[in-house]
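First comes the structure, then the notes that go with it.
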Amino acid sequence: MDGDDDALLAALAGALEDDAQWSPGVETGAPLAALPGRHPGEALENRTHPVAGVRAFISDCGTSRLEGRTHVLLISEQAPVALGDAFADLAPAIAERVGSDGYTWEGGLHLHVTAPGRVWEDVLRTARDAVAALAAPHAEAG
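Note that our numbering has the sequence shown beginning at -9, numbered continuously upward.
And the structure:
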């Protein structure tokens, strides 16, 4: 390296010493705006018992981006096969349990409901209760 290269390298290294300009601009402790009350990784971190059985067909709950709906539930791809004919009753059963005035399917895996004022943990737990109740008679018959 010649003298000009050394001077350029020293100038670049000096510019990088100011940590503030290279720090992330996002506060990692703040809740995400799209998921009120949730922090990244919080649901997994706080869960003491893994979800098993038919309750696992409801994977997660988030904030719906559809107009008129407040929450969206992620439904497992295995739910239609495992529940058989009872799968047709899944959306109405969940909507009734969470107190929704209706529901909207998006794709076949996202169920949007309206449950204003209810936190995502409550909607998720209630939806899982609904699928368990729906599957109980199906399991007894099979």
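For each residue, glycine too, the CB sits at the ideal point set by N, CA and C.
Cβ pair residue 66, residue 102 closer than 8 Å: Looking up residue 66 in the sequence shown gives position 76. Looking up residue 102 in the sequence shown gives position 112. No; because the gap between Cβ atoms is not below 8 Å, this pair is not in contact.
Residue interval of the alpha helix (DSSP H) (run including residue 73): By 1-based counting over the sequence shown, the position of residue 73 is 83. Counting along the chain, the unbroken alpha helix (DSSP H) around residue 73 starts and ends at 69 to 73.
Touching by the beta-carbon criterion (3+ pairs, under 8 Å), the region 78 to 90 and the region 108 to 124: The region 78 to 90, when compared against the region 108 to 124, does touch it at the 8 Å Cβ threshold.
Bounding residues of the beta strand (DSSP E) (the contiguous stretch that carries residue 101): Within the sequence shown, numbered from 1, the residue matching residue 101 stands at position 111. It spans 100 to 103 - the beta strand (DSSP E) in which residue 101 sits, taken as one unbroken run.
Buried or exposed (CB count within 10 angstroms, at least 16 for buried), residue 80: For the purposes of this step, residue 80 is taken as residue 90 along the sequence shown, with counting starting at 1. Under this definition residue 80 is a buried residue.
Where residue 53 falls: helix, strand or coil (DSSP): In the sequence shown, residue 53 corresponds to position 63, counting from 1. Strand at residue 53.
Short CB-CB distance (under 8 Å) between residue 116 and chain B: Among the protein chains of the structure shown there is no chain B, as only one such chain exists.
Alpha helix (DSSP H) segment containing residue 44, residue limits: Here residue 44 refers to the residue found at position 54 of the sequence shown. Counting along the chain, residue 44 falls outside any alpha helix (DSSP H), and DSSP gives it neither H nor E.
Cβ-based burial, residue 95 [other Cβ within 10 Å; buried from 16]: Within the sequence shown, residue 95 is the residue found at index 105, counting from 1. Answer is exposed; the Cβ neighbour count stays below 16.
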